[in-house]
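Engineer: Mapped onto my numbering, the consecutive letters of the sequence shown carry residue numbers 1 to 418.
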Amino acid sequence: MSLDPRTVAEAEYPHWLRAVGTGFLRASASVPAEEEVAVRLAHTDLSRVQGVFDAGRCVATFASFAQELTVVGGAKVRADAVTGVTVTPTHRRRGLLSRMMATDLAAAKERGDVVASLIAAEYPIYGRYGFGPASWTAEWEIDVPRAGLDPRGRVPSEADGGRIELVDGADVRKLGPELHGRLAGRQHGVVSRDERWWQRSTGVDVPASDKWTEPFYAVYRSADGETDGLMAYRADDRWGDRKQPLNTATVVGMIATTPAAERALWHFVCSIDWITTVRSGYRAPDDLLPLLLPDPRAARVVTQADWLWLRVLDVPRALEARTYATEGSLVLDIRDGAGLTGGRFLLEASPYGALCAPTARDADLTLDVAELATLYLGDESPVRLAALGRLDEHRAGAAATADAVFRTPRRAWCPDVF
């Protein structure tokens, strides 16, 4: 029987969901309940959902959706966000993922998407399709008693005239999109959030299998009443043998558009009675958090890993969309085995924008399209890639020039998983 990927029909979607559950090691004995299928289907574009079926059972899954990515300088580019990628263990090593990926990327290229994006569950899978890790993430665990904050002090925000308020999910749905929009205008690596994202993140129409637990929501308002920060956190209920609190607050999301908001929210969550440990959730690897504490050693890194992966689909549009740290001219020979966007390009870069066009000039640097993705948001050094043999330098000093041009003062950060 032929195992060919194809678009999934509505009647097949419950079986597709079961296969996703199997691939991600969740319950897979039966298809989801009708109510859960209806909720998920209402927000799914089936024209972008692929599956492979064997004797009526779905054995491979793949989906994508429209997304916007903030690049260096604050501009946004169209992205093909890849999600729900699985191959059932019984059907591995048959090229199913390769064929689904090729179909999706070709469609994205045809639509005019500039990049494709994903969060990789495993590191080795996606490089062969031209993806590279474009941002990293870190998570800290804070030993609150050691942090040096005064537990008897005033509310942390009051020093600058701001205040922190606890709100509910309805308030978050009103305040969050505008606040996130401000973040997306300044932080490269941020991806768009639609209305459904805010609904699911505040418990609206969440499928039963997601086992939703309402978090606490805290907002920071500046002295002039502007909402500059939002934090969602959950707390456990753990006590020691001597009736001493040993509770952990886990931050599940935090947006701050000013340093004052960032400081106030972190100090707030570390000042809550009974909380002895704070888990930061996934943050930028150069987050200010440790240095906001009187004793930065109270925050230890518990996770540091690659996060947002990109695949460039249009080299000129991608490179022209962002700004650069300094002026520079580079001829880049981009290798793309899939034939989607390879070639030799002259990049004329500056802090105010760039021009990028095909050229016949000799190359300064040769690199795979996956390495271009790794450099794209300024989070990696061309000099390091050259030392690793992942970039060829044809003109002395070209890698150093590229380093000065591409790198950014703050690291790329994607707050979301998808």
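Here a beta-carbon is modelled for each residue, glycine too, at the ideal position from N, C-alpha and C. Quick caveat, the model's predicted, so the values are computed rather than measured.
1) Would a C-beta distance cut-off of 9 Å place Phe345 and Val191 closer than the cut-off?
2) Between which residues of its own chain and Arg193 is the CB-CB distance below 6 Å, once the five residues before and five after are set aside?
3) Roughly how many whole angstroms lie between the Cα atoms of Pro444 and Pro177?
4) Using a Cβ distance threshold of 8 Å, determine whether the segment 279-294 contacts the segment 127-143, with at least three qualifying pairs required.
5) Considering only the beta carbon of each residue, do Gly378 and Leu347 sit closer than 9 Å?
6) Which word fits His15, buried or exposed, when buried means at least 16 other C-beta atoms lie within 10 angstroms of its C-beta?
7) Residue ranges of each alpha helix (DSSP H) run of no fewer than 4 residues wholly in the segment 268-316, ordered along the chain?
8) Do the segment 392-403 and the segment 360-371 meet, that is, are 3 or more Cβ pairs less than 8 Å apart?
9) Taking the C-alpha atoms as reference points, what is the distance between Trp198 and Val172?
10) Taking the straight line between their C-alpha atoms, what separation do you get for Asp210 and Leu149?
11) Taking C-beta to C-beta, are Ala354 and Tyr324 nearer than 9 Å?
12) Drop a sphere of 10 angstroms on the beta-carbon of Tyr129, count the other beta-carbons inside from all chains shown, and report buried for 16 or more, exposed for fewer.
13) Going by Cα to Cα distance, which pick from Gly84, Ala38, Ala63 is closest to Thr421?
14) In or out: Gln50 buried (at least 16 other Cβ within 10 Å) or exposed?
15) Just how far apart, CA to CA, sit Pro89 and Asp368?
16) Which ranges does the alpha helix (DSSP H) cover as unbroken runs of at least 4 residues, wholly within the segment 158-210, from first to last along the chain?
17) With a threshold of 16 other CB atoms inside 10 Å of the CB of Glu68, please say whether the residue is buried or exposed.
18) Given 8 Å as the limit, is there contact between the segment 216-235 and the segment 335-344, that is, 3 or more CB pairs closer than that?
19) What is the DSSP secondary structure of Arg78, reduced to helix, strand or coil?
20) Hey, how far is the Cα of Pro145 from the Cα of Thr276?
21) What is the residue span of the beta strand (DSSP E) that Thr227 lies within?
22) Just mark Ala108 as buried or exposed, buried being the case when its beta carbon has 16 or more other beta carbons within 10 Å.
23) Find out if the Cβ-Cβ distance for the pair Val59, Leu17 is shorter than 9 Å.
24) Assign Thr213 to buried or exposed, taking buried as 16 or more other Cβ atoms, counted over all protein chains shown, within 10 Å of its Cβ.
25) Hey, Ser79 and Val115 are a contact pair by Cβ (cut 8 Å); roughly how many whole angstroms apart?
26) Is the beta carbon of Ala298 closer than 9 Å to that of Thr142?
27) Identify every residue that forms a DSSP beta bridge with Ser64.
28) Can you look up Ala27 in the DSSP assignment and give me helix, strand or coil?
Structural biologist: On the basis of the supplied data:
1) Against the sequence shown, residue 345 aligns to sequence position 345. Against the sequence shown, residue 191 aligns to sequence position 191. Phe345 places its beta carbon 9 Å or farther from that of Val191.
2) The residue given as residue 193 occupies position 193 in the sequence shown. Same-chain partners within the cutoff: His180.
3) Because residue 444 is not part of the residues shown, which for the chain are 1 to 418, the question remains open.
4) yes
5) Your numbering for residue 378 matches position 378 in the sequence shown. Your numbering for residue 347 matches position 347 in the sequence shown. Between Gly378 and Leu347, the C-beta gap is not smaller than 9 Å, which leaves the two residues out of contact.
6) Reading the sequence shown from its first residue, position 15 is the one you call residue 15. Burial is judged here by how many other beta carbons sit within 10 angstroms of a residue's own beta carbon; His15 has at least 16 and is buried.
7) none
8) yes
9) On the sequence shown, position 198 is the one that residue 198 refers to. On the sequence shown, position 172 is the one that residue 172 refers to. Answer to the nearest angstrom: the Cα atoms are 8 Å apart.
10) Along the sequence shown, one-based indexing puts residue 210 at 210. Along the sequence shown, one-based indexing puts residue 149 at 149. Roughly 36 Å separates the two Cα atoms.
11) In the sequence shown, counting from the first residue as 1, residue 354 sits at position 354. In the sequence shown, counting from the first residue as 1, residue 324 sits at position 324. Yes, these two residues count as a Cβ contact at 9 Å.
12) As a first step, residue 129 is located in the sequence shown; it is residue number 129 there, counting from the start. Counting Cβ neighbours within 10 Å, Tyr129 comes out buried, since at least 16 surround it.
13) With the chain represented from 1 up to 418, any question about residue 421 goes unanswered, as that position is not in the structure.
14) What you label residue 50 is simply residue 50 of the sequence shown in a count that begins at 1. Buried: at least 16 other Cβ atoms inside 10 Å.
15) What you label residue 89 is simply residue 89 of the sequence shown in a count that begins at 1. What you label residue 368 is simply residue 368 of the sequence shown in a count that begins at 1. One C-alpha to the other measures close to 30 Å.
16) Along the length of the segment 158-210, whole alpha helix (DSSP H) runs at least 4 residues long occupy 169-184, 195-200, reported in chain order.
17) If you number the sequence shown from 1, residue 68 lands on position 68. Glu68 comes out buried.
18) no
19) Taking the sequence shown and counting its residues from 1, the one referred to as residue 78 is at position 78. It is a strand residue.
20) On the sequence shown, residue 145 is found 145 positions in, with the first residue counted as 1. On the sequence shown, residue 276 is found 276 positions in, with the first residue counted as 1. So the two alpha carbons sit approximately 6 Å from each other.
21) Indexing the sequence shown from 1 puts residue 227 at position 227. Note, Thr227: beta strand (DSSP E), 227-235.
22) On the sequence shown, residue 108 is found 108 positions in, with the first residue counted as 1. With 16 or more Cβ atoms within 10 Å of its Cβ, Ala108 is classed as buried.
23) As a working mapping, residue 59 is identified with position 59 in the sequence shown. As a working mapping, residue 17 is identified with position 17 in the sequence shown. Going by C-beta atoms, Val59 is not nearer than 9 Å to Leu17.
24) Taking the sequence shown and counting its residues from 1, one reaches residue 213 at position 213. Exposed: under 16 other Cβ atoms inside 10 Å.
25) Here residue 79 refers to the residue found at position 79 of the sequence shown. Here residue 115 refers to the residue found at position 115 of the sequence shown. Strictly speaking, residue 79 in this sequence is Ala, with Ser absent from that position. That pair is a contact at about 5 Å.
26) Working through the sequence shown from its first residue, we reach residue 142 at position 142. Working through the sequence shown from its first residue, we reach residue 298 at position 298. According to the sequence shown, residue 142 is Ile rather than Thr. For Ile142 and Ala298, yes; Cβs fall inside 9 Å.
27) Position 64 of the sequence shown, counted from the first residue, corresponds to residue 64. Answer by DSSP bridge pairing, in chain order: Val82.
28) Here residue 27 is taken as the residue at index 27 of the sequence shown, counted from 1. If DSSP states are grouped into helix, strand and coil, Ala27 belongs with coil.
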